[in-house]
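Report on the structure given below.
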Amino acid sequence: QPRPGQYVRGGCRGAQRETLASHGVTALDYYDDPLLPWANAVPTAEGAAGILIDRLPGTIQGSRGLITGYGRIGKVLAQKLTLLGAEISVSARKPGDLGLIHASGLRAELTGAYRCDLSRFDYIVNTVPAQVFKPEHYLQMRSDCLLLELASPPGGFDEKAGRKIIRAPGLP
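In structure tokens:
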């Protein structure tokens with residue numbers, strides 16, 4: 001039973017935090033620390049790279065990939081795959097993110113309105129928790145294009161598209 005004056009450190013959100021506060025307990029949420037989400041992006045990106053290494057028929061070096069979303073995980077994953085020799089395109093919605101993608105030496109695409117030929121990609125990694133591909137986009141993708149879902153449900157890929165999707169939203 002919590003006692004007034006105690007401190008609780010963990011993942012405390014919403015109702016949990018309110019319940020603790022009503023008992024005089026101070027909740028220190030790990031996720032309030034701005035360093036934690038960035039630190040968490042590293043093992044998530046490495047786990048995604050590991051899945052790609054295991055599942056691709058060839059190597060990461062020389063492969064072509066699209067990452068949808070340029071948040072923490074998208075940024076770290078794009079950097080790591082590029083360092084492994086991949087040719088990476090990244091899609092984003094915000095003009096500032098598109099500019100940063102381009103300035104980082106990556107190919108920039110507008111999420112949902114892809115100018116590139118999607119058939120050029122060996123894999124597509126989604127980090128956006130919303131559908132970012134339309135039915136016509138799936139028709140452009142190669143049948144052997146690996147689709148890796150990192151986002152929380154509903155994710156960015158449509159189950160009804162008839163494509164095999166590797167779901168890994170719980171990484172790391």
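First residue of the sequence shown? That's 1 in our numbering, and the numbers climb one at a time after it.
Ideal placement from N, C-alpha and C gives every residue a C-beta, glycine not left out.
If residue i sits next to residue j, beta carbons under 8 Å apart, how far is it from one beta carbon to the other, in whole angstroms?
{"i": "D158", "j": "Q131", "result": "6 Å"}
{"i": "I51", "j": "G85", "result": "Contact doesn't hold; Cβ gap of about 17 Å is too wide."}
{"i": "Y123", "j": "S63", "result": "7 Å"}
Is the beta carbon of residue i less than 9 Å from the beta carbon of residue j?
{"i": "I166", "j": "R55", "result": "yes"}
{"i": "L147", "j": "N126", "result": "yes"}
{"i": "L150", "j": "T82", "result": "no"}
{"i": "G10", "j": "A27", "result": "yes"}
{"i": "S91", "j": "L66", "result": "yes"}
{"i": "G24", "j": "G5", "result": "yes"}
Counting C-beta neighbours from all protein chains within 10 Å, is the total for residue i 16 or more, i.e. buried, or is it exposed?
{"i": "K75", "result": "buried"}
{"i": "Y30", "result": "exposed"}
{"i": "S53", "result": "Looking at the sequence shown, residue 53 is not Ser but Ile. Under this definition I53 is an exposed residue."}
{"i": "L118", "result": "buried"}
{"i": "A49", "result": "buried"}
{"i": "T19", "result": "exposed"}
{"i": "G69", "result": "buried"}
{"i": "L201", "result": "Past the edges of the chain, shown from 1 to 172, lies residue 201, and the structure says nothing about it."}
Work out the CA separation of residue j and residue i for me, nearest whole Å.
{"i": "K94", "j": "P57", "result": "34 Å"}
{"i": "Y138", "j": "R17", "result": "43 Å"}
{"i": "L171", "j": "E87", "result": "23 Å"}
{"i": "S143", "j": "P154", "result": "22 Å"}
{"i": "S152", "j": "R107", "result": "25 Å"}
{"i": "D32", "j": "K134", "result": "35 Å"}
{"i": "G156", "j": "C116", "result": "18 Å"}
{"i": "G71", "j": "F121", "result": "21 Å"}
Q. For the region 39 to 49 against the region 103 to 113, are there 3 or more C-beta pairs whose distance is under 8 Å?
A. no
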